[in-house]
Structure formats: structure tokens, C-alpha cells
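The structure appears right after this line, and notes come after that.
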Amino acid sequence: MYKHVVLGIVLAGSVWLSACSTGDEPKSDHGKVIARVNDKYLYEDDLKDIIPANTAPDDSTNMVRSYIENWIRQKLVLAKAELNLNPGEYDIDNLIENYRQDLLQYIYKRELVRQKLDTVVSQKDMETYYEANKEKFELQDDIVQVSYAVFDMKTPGLDKLDKWYKSSDPQDMEAYRNHCFSYASSYYLNDSSWVMVESLRKAIPILPEHISNMGYFEEQDSLRKYFVHIRSFKSKESISPFSFEKERIREILINQRKVKLLEDLEENLYQEAVRKNQIEIF
């Protein structure tokens, strides 16, 4: 399909190519010349990897056309840059070498981290860090531990939900959960996790503006009935609970290990070079 797409574009653009031709296109093993900007040529083989497998013909054609157009524009900008920039003002070779060195170091460090970094963080380590740094975990938003369910007003058995969702009886609790699974337009039953109040408002738009430990409450509008149990509440600017910050702490500790791993790498290389007399400062 790729060759058919490219051939179609070549034929469609043959008039343009003829107008641009210098009559001395270079002979190449890379297939037909697709486009030219000054003395730069785009060949058929240059396009062979740009179309993903199973792409529709029309999409493939558009992708090839877009690639050719972008290639032309980039080469025109490059030509203008080469014409107008003073070579003495920009040491391109030095910039390229610096970039090459930075890239090699980045790739090596990334591979070292992939192979050597321990990403297993114990609960004890996270709790220890949290206790030592509580002042860093000030809440930026109100959060709640909550469960809720939203039902259409025509839901069967709606009158039983008032009893079920407040009950501690295992049978009532199971009946409520099953009703949520079967009929609720949205629900959240994991009231041991903390969620931001602003996120909760998207699911429960009739949530009161100011909330606290409100317990159980029901609200309804013309279409839906809302059953909400707010188990706990923490206000903005108070200390965030550990469970809410657990994943963030895990990432902090892993990043600290990463920094230490790379610092140790540089220090060990330095000390080894000193021992081997590989370093001189004149």
C-alpha cells in the first residue's frame, strides 16, 4: 500500500516536480525523487517508515503529503538560516558535540537507573518520612472520606435505599451495594480513601457549599436522588493524612534514591580516576 500511496502522490505532483526540476537530479538507489529544495532531495525510500500498518488509504495519502510539505518547509528554513547566520557567531560543531555528550550521559544514566534503582519502598519508610516532614504536607484543598450513589428517580426499589445505605446490617449493606451495581448512574463506595471535595462536587452537584463531618444525607432534584455518607472531613491548610499522601511519598523516596545513585556514580568514577592517575589539573 505504501508504494501505491507514494506513487499516487508522485503522479499527482508530477507537474510541480517538473517545474522544480533542474534536469540533473542525482542518481540514487533510494527510489524516485519525491521533492527537491535547492540541492536537497527527498527520495521515495525516505517515506517508507512514516505510515503505520493498517492505515486507511486516504489517511496514508494525507500523512505522506503532510510529511513532504513539512520536509520542504524545514529545508527552506534551514537554507535561510545557513545563508543569514554568521558562522563565527555560532559554533555549530561545538554545539553538536556538547549535545552529543549530554545525550550520551543521559542515556547511560537512564540505563543505570533502570538496572540499579530499587523501587520497593516499605510502609515503614513512608511512615517515617511522613512523620518527619508533616509540615510539607499541608492540604491545598478540602478532602473527605465519602461513599455515594446517584439513582434515577424511576429506579425500582428506591424507597428501600434510605434504610439500606445507613444500615450496618451485612444483608442491608450487600443489598445496597448490589442495587448500586445494577441501577446507579454513578457511585463510589470506598469510603476509606480520601477524595478532594471539588472532585466530589462534579459527581454530586447539589453538595452543600460548606461541609464537615455531616454523616448521612440525601438530596434530590427533578431527575436524580443522591445518597451520600461523609465519613470524615479535613479542611484546606490542615495537615494532609498519610493515606492521602502515600503515593506522593513513595515517589519522593524513589527520587531521593535516584539522586543518591547518580551522585554515587559520579563520585565513584572520580575517586577511581584519581587512584588510577587519570586526572591532572594544570
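Position 104 of the sequence shown, counting from 1, maps to 89 under this note's numbering, and the rest follow consecutively. Beta carbons: idealized from backbone N, C-alpha and C, even for Gly.
- Beta-bridge pairing by DSSP links residue 214 to 132, 201.
- Take residue 168, set aside five residues on each side of it, and the residues of its chain with a beta-carbon closer than 7 Å to its own are 136, 140, in chain order.
- Secondary-structure assignment with DSSP links residue 264 through no beta bridge to anything.
- Per DSSP, the beta bridge partners of residue 224 are 123.
- The straight-line gap separating the alpha-carbon atoms of residue 94 and residue 247 is approximately 7 Å.
- In this structure, residue 98 keeps its C-beta atom at 8 Å or more from the C-beta atom of residue 245.
- Burial is judged here by how many other beta carbons sit within 10 angstroms of a residue's own beta carbon; residue 230 has at least 16 and is buried.
- Per DSSP, the unbroken beta strand (DSSP E) holding residue 27 starts and ends at 25 to 28.
- Residue 27 sits buried, since 16 or more C-beta atoms from the chains shown fall within 10 Å of its C-beta.
- Contact between residue 178 and residue 130 holds: their C-beta atoms lie close to 7 Å from each other, under 8 Å.
- When DSSP states are grouped into helix, strand and coil, residue 107 belongs to the coil group.
- Segment contact: the region 112 to 127 against the region 216 to 235, three or more CB-CB distances shorter than 8 Å; contact assigned.
- Excluding residues up to 5 positions away in sequence, 130, 176 lie with their Cβ nearer than 6 Å to the Cβ of residue 216 in the same chain.
- The straight-line gap separating the alpha-carbon atoms of residue 264 and residue 106 is approximately 38 Å.
- For residue 38, the number of other beta carbons within 10 angstroms of its own is below 16, and it is reported as exposed.
- Burial is judged here by how many other beta carbons sit within 10 angstroms of a residue's own beta carbon; residue 207 has fewer than 16 and is exposed.
- In this structure, the CA atom of residue 158 is about 42 Å from the CA atom of residue 103.
- Residue 160: member of the alpha helix (DSSP H) spanning 155 to 168, first to last residue.
- In the displayed model, residue 44 falls within a helix according to three-state DSSP.
- Residue state for residue 150 is assigned as coil, using DSSP reduced to three classes.
- Listed in chain order, the non-local C-beta contacts of residue 171 below 7 Å within the same chain comprise 135, 188, local neighbours out to five positions each way being set aside.
- Taking every protein chain shown into account, the CB of residue 111 has 16 or more other CB atoms within 10 angstroms, so this residue is buried.
- Shown here for residue 185: same chain residues with a beta carbon closer than 8 Å to its own, the five before and five after excluded, namely 129, 131, 133, 192 in chain order.
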